[in-house]
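There are 2 protein chains.
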Amino acid sequence: MRVLVLGGDGYLGWPQALYLSKKGYEVAVFDNQARRHFDLKHSFDSLVPIRLLQHRVERWQQLTGQSIAVYHGDTTHYESLAKAVADFQPEAMVHFAEQRSAPYSMIDREHAFHTQYNNVLGTLNIMYAIKEIVPDCHLVKLGTMGEYGTPNIDIEEGFIEIEHNGRTDVLPYPKQPGSFYHLSKVHDSHNIMFACRVWGVRATDLNQGIVYGASTYETELDPDLATRFDYDQIYGTALNRFCTQAAVGYPLTVYGNGGQTRGYINIKDTVRCIELAIESQPNAGEYRVFNQITEWFSVSDLAEKVGRVARRLGLDVQVRCIPNPRVESESHYYNVVHTKLLDLGLEPHLLDDDEIESMVRLSMKHRDRIDTRLIKPTVDWRNSENHVDYAESEPAQLAQV
Amino acid sequence: MRVLVLGGDGYLGWPQALYLSKKGYEVAVFDNQARRHFDLKHSFDSLVPIRLLQHRVERWQQLTGQSIAVYHGDTTHYESLAKAVADFQPEAMVHFAEQRSAPYSMIDREHAFHTQYNNVLGTLNIMYAIKEIVPDCHLVKLGTMGEYGTPNIDIEEGFIEIEHNGRTDVLPYPKQPGSFYHLSKVHDSHNIMFACRVWGVRATDLNQGIVYGASTYETELDPDLATRFDYDQIYGTALNRFCTQAAVGYPLTVYGNGGQTRGYINIKDTVRCIELAIESQPNAGEYRVFNQITEWFSVSDLAEKVGRVARRLGLDVQVRCIPNPRVESESHYYNVVHTKLLDLGLEPHLLDDDEIESMVRLSMKHRDRIDTRLIKPTVDWRNSENHVDYAESEPAQLAQV
């Protein structure tokens with residue numbers, strides 16, 4: 010089966026391409042190099058060195074004999090997208106090609122605008138490309154658990170049965186996203202649901218939790234196959250960032266009181282979940298939603314876990330609560346239904362001390378690549394009008410964290 | 010109070026500007042002439058002749074002594090928007106500046122893209138303009154009843170209390186919009202709700218029904234003050250279109266079996282509703298939703314009413330059901346809560362035979378301006394890939410309708 014991985018050079022897209030290639034799928038990647046471009050402009054870098062996309066696919070071919078086709082293009086540039094789709098004729102498309110950072114989307118108006126432009130209109134183009142070029146192609150779309158927010162009732166998988174004034178219907182689950190990035194995914198969900206209904210497109214919307222982990226079995230085959238690992242305030246997700254902070258003696262920065270609870274998933278499970286979605290193709294016109302998480306933790310839980318493991322490795326770890334730059338509830342109900350992927354056969358890699366230890370050790374190994382100026386949060390949800398030039402930021406003083 | 014009417018040259022924006030000016034508000038309009046530009050490109054025209062924006066405001070000043078400031082600009086062009094907002098310093102903004110046609114949004118990819126670009130990103134710019142320039146300004150946003158779709162339960166005003174597994178929360182009402190246009194309004198609603206929560210913006214989201222009527226008390230003062238009246242397949246809403254069809258002996262074209270039921274409102278009530286929203290300013294951070302309708306009808310109901318009145322005027326009226334170009338349920342439950350505007354003091358102008366008769370007579374008066382080629386629906390929800398050049402359309406044969 011031919012699978013086109015949109016955003017196939019990113020943190021998740023690249024391991025996904027390798028995983029599917031290893032499993033015998035015919036894989037192509039489509040990427041606009043936006044994530045690497047941000048790093049170039051703002052002097053950010055992955056903790057783990059990564060090779061150019063072309064070098065990566067060449068190394069993969071040397072090691073496995075499998076080829077991965079590369080298309081350079083942009084989902085917001087319909088001609089480049091349509092050309093790739095027409096050429097490769099995918100039977101499934103995995104869509105990672107979105108601006109994926111909540112803080113990025115809250116930097117200022119330009120970044121909010123760019124996030125919604127890229128994500129919402131890029132995905133709209135993808136729906137048209139499917140409809141017009143490969144109408145049977147299955148769209149596997151990465152959504153986010155953040156679409157739901159933190160309602161005071163159980164979070165269901167995409168839809169909820171509502172009884173109201175003696176009548177009943179099954180309706181899309183209400184959404185309360187917490188940033189312009191999360192909003193863009195809510196907009197996508199509505200657009201995709203509509204395209205399925207009106208055009209008979211088949212789609213699976215994966216509301217993924219926060220991903221942690223530095224590698225998959227495939228990326229571990231060779232350093233040239235490594236995927237990126239972000240620890241900075243813009244792209245670094247909580248657990249990855251905490252492991253890096255522990256390695257350099259930077260306090261684990263808990264936003265607010267740390268009671269914010271979120272769903273998490275190991276990167277090794279992400280790549281398997283997407284395979285499960287591809288294998289279990291929906292019917293024409295069907296719009297499915299799976300909650301792609303395996304467990305949930307509060308931010309404080311994670312800081313405590315990382316602190317314990319890192320201290321065992323001889324590191325001096327502090328945990329520090331800092332003012333929360335986000336607008337979010339720090340004490341809330343959280344219970345998520347996530348049975349659909351388990352029913353399809355997912356066997357979760359749950360978070361244990363070995364996993365954390367490997368991430369802390371990786372951070373220690375690359376300690377000299379860590380720029381601590383990139384860690385302190387400067388993007389404030391309440392007051393995001395100033396364009397921040399990260400390259401000109403002052404070095405963060407630990408005492409000011 | 011200073012009120013900036015965004016899209017203040019349109020079907021509703023212009024009467025709104027006059028209404029508020031008459032009531033003593035200090036009014037400015039902001040418009041990009043997009044609606045008139047479409048007419049120029051595609052040889053469409055209003056049934057009722059309309060004057061240039063500049064001539065309209067000059068005539069209004071001659072007649073009433075009231076001045077209305079004009080800003081030429083585009084919400085997607087932030088600099089022009091910010092300049093107008095900074096200059097006029099509005100205390101309320103009424104936002105009509107959206108692409109407002111469902112069929113337009115379904116013409117092809119380019120029109121879907123343009124609709125969501127203009128509406129979603131334009132409104133995002135407006136939110137930033139408020140936050141950064143006039144943080145206390147009240148946004149009065151035109152949404153649509155079409156955001157809700159046709160659920161099998163009562164439609165509440167924006168939010169619904171849900172009890173689920175023994176727990177309860179009040180959550181945003183689930184949305185099931187039926188076109189890329191309606192989707193754009195759903196996206197707006199989510200973005201605005203978020204801006205209120207995070208930045209403390211105050212907003213009223215008016216989920217308006219389908220508007221009918223050719224004039225308000227203000228536009229009736231002089232022919233130079235007339236607002237546009239659309240009868241074509243793209244912009245002509247059901248009742249307006251039926252009245253025009255009756256006048257020229259074109260069968261009243263009911264899409265499908267006509268069971269589609271929707272909320273309606275008289276244009277005279279629209280302008281009052283918005284005044285009521287402005288008068289009852291929400292608190293900082295408050296996001297209110299009002300359902301702006303006064304009654305509901307099925308499409309068949311409307312055709313029957315128009316037919317009866319028109320025949321009384323001596324017209325030979327046929328009603329013809331044609332294949333539904335839209336994807337929508339033609340038999341469904343529909344019950345809408347719409348008490349908030351009534352509670353604020355709205356006294357509805359309900360649809361009666363006199364209102365219909367005046368619209369039919371208006372259509373008869375301007376019969377020679379009606380281009381019947383523009384009536385037949387060519388935009389198909391299921392198959393919208395072809396860019397249609399209306400100017401090159403063949404004259405519609407009545408027999409083919």
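Protein chains in written order, with our numbering: chain A, 10 to 410; chain B, 10 to 410.
For every residue, glycine included, the Cβ atom is placed at its ideal position computed from N, Cα and C.
In whole angstroms, what separates the C-alpha of B:Val414 from that of B:Glu337?
Because chain B here runs from 10 to 410, residue 414 of chain B falls outside it and cannot be looked at.
Note down, in chain order, each residue of its chain lying with its Cβ closer than 6 Å to the Cβ of A:Asp389, except the 5 sequence neighbours on either side.
Pro334
Apart from the five residues on each side of it in sequence, which residues of its chain come closer than 8 Å, Cβ to Cβ, to A:Ala400?
Note that A:Ala400 scores 41 on pLDDT, short of 50, meaning its location in the model is unreliable and no value can be drawn from it.
Is the Cβ of B:Ala43 closer than 8 Å to any Cβ of chain A?
no
Going by the beta-carbon positions, is the gap between A:Ala312 and A:Val369 smaller than 8 Å?
Result no, Cβ atoms of A:Ala312 and A:Val369 do not sit closer than 8 Å.
Please classify B:Leu340 as buried or exposed, where buried requires at least 16 other C-beta atoms within 10 Å of its C-beta.
It should be noted that the sequence gives Ser, not Leu, for residue 340 of chain B. Using a 10 angstroms sphere on the CB of B:Ser340, the tally of other CB atoms stays under 16, which defines it as exposed.
In the DSSP assignment, find the unbroken beta strand (DSSP E) run with B:Ile331 in it and report its ends.
Val328 to Ile331
Would the region 128–142 of chain B count as touching the region 199–215 of chain B if we require 3 or more Cβ pairs under 8 Å?
yes
Looking at the C-beta of A:Arg391, does it have a partner C-beta in chain B at a distance below 8 Å?
True, the Cβ-Cβ gap to chain B drops below 8 Å.
Pick out the complete beta strand (DSSP E) segments inside the region 312–394 of chain B, 3 residues or longer, and give them in chain order.
328–331
Reducing DSSP to helix, strand and coil, say where B:Gln301 ends up.
strand
Cα separation between A:Leu110 and A:Leu56?
At residue 110 of chain A the sequence reads Ser, which differs from the Leu that was named. For A:Ser110 and A:Leu56, the distance between alpha carbons rounds to 17 Å.
Identify the contact partners of B:Gln125 in chain A, using a Cβ-Cβ distance below 7 Å as the criterion.
Val129, Leu130 and Leu133
Any beta carbon from chain A within less than 8 Å of B:Val336's own beta carbon?
Closer than 8 Å to some Cβ of chain A, the Cβ of B:Val336 qualifies, so yes.
Tell me whether B:Pro411 sits in a helix, a strand or coil according to DSSP, three-state version.
Not covered by the structure: residue 411 of chain B. The range shown for chain B is 10 to 410.
Excluding the five sequence neighbours on either side, which residues of its own chain have a C-beta within less than 8 Å of the C-beta of B:Val149, listed in chain order?
Ala101, Met102, Val103, His104, Ala212, Thr213, Leu215, Ile283, Ala286 and Ile287
If we ignore side chains and look at the alpha-carbon of each, how far apart do A:Tyr113 and A:Tyr190 end up?
8 Å
Pick from A:Leu230, A:Glu119, A:Arg271 and A:Glu172: whose alpha carbon is nearest that of A:Leu72?
A:Leu230
Would you mind telling me which residues of chain B sit closer than 7 Å to A:Leu192, beta carbon to beta carbon, in chain order?
His199, Asn200 and Phe203
Is it true that the CB of A:Pro357 sits closer than 8 Å to the CB of A:Thr228?
no
Assess, as a yes-or-no matter, whether the region 90–101 of chain B is touched by the region 177–185 of chain B under the definition of 3 or more beta carbon pairs within less than 8 Å.
no
Can you give me the Cβ contacts of A:Val210 inside the same chain, cut-off strictly under 6 Å, excluding the 5 residues immediately before and after it?
Ile139 and Ala204
B:Gly272 by DSSP, collapsed to three states: which one?
strand
Please state whether the Cβ-Cβ distance between B:Val346 and B:Asp163 is less than 8 Å.
yes
For B:Gly294, which of B:Arg206, B:Asp363 and B:His123 has the nearest alpha-carbon?
B:Arg206
Hey, out of B:Leu151, B:Phe168, B:Leu234 and B:Arg118, whose CA is closest to B:Pro58's CA?
It is B:Leu234 whose Cα lies nearest to the Cα of B:Pro58.
Does any CB atom of chain B fall closer than 8 Å to the CB of A:Asn174?
The beta-carbon of A:Asn174 is placed less than 8 Å from the nearest beta-carbon of chain B.
Roughly how far, in whole angstroms, is the beta-carbon of A:Val94 from the beta-carbon of A:Ile142, given that I think they are within contact range, below 8 Å?
5 Å
Applying the 10 Å Cβ sphere with the 16-neighbour rule, what's the burial state of B:Asp145?
exposed
Short of 8 Å Cβ to Cβ, which residues in the region 134–161 of chain B face chain A?
Asn134, Tyr137, Lys140, Glu141, Pro160 and Asn161
Which of helix, strand or coil does DSSP assign to A:Arg176?
Correct three-state label for A:Arg176: strand.
Within the 8 Å Cβ cut-off, does A:Asp163 reach chain B?
yes
Nearest CA to the CA of B:Arg321: which residue from B:Asp380, B:Glu366, B:Thr253 and B:Asp18?
Among B:Asp380, B:Glu366, B:Thr253 and B:Asp18, the Cα nearest to that of B:Arg321 belongs to B:Glu366.
Would you check if the distance between the CB atom of B:Asp325 and the CB atom of B:Gly245 is smaller than 8 Å?
no
Under 7 Å between beta-carbons, which chain A residues line up against B:Ala121? List them in chain order, please.
Simply Leu133.
According to DSSP, is A:Leu29 helix, strand or coil?
helix
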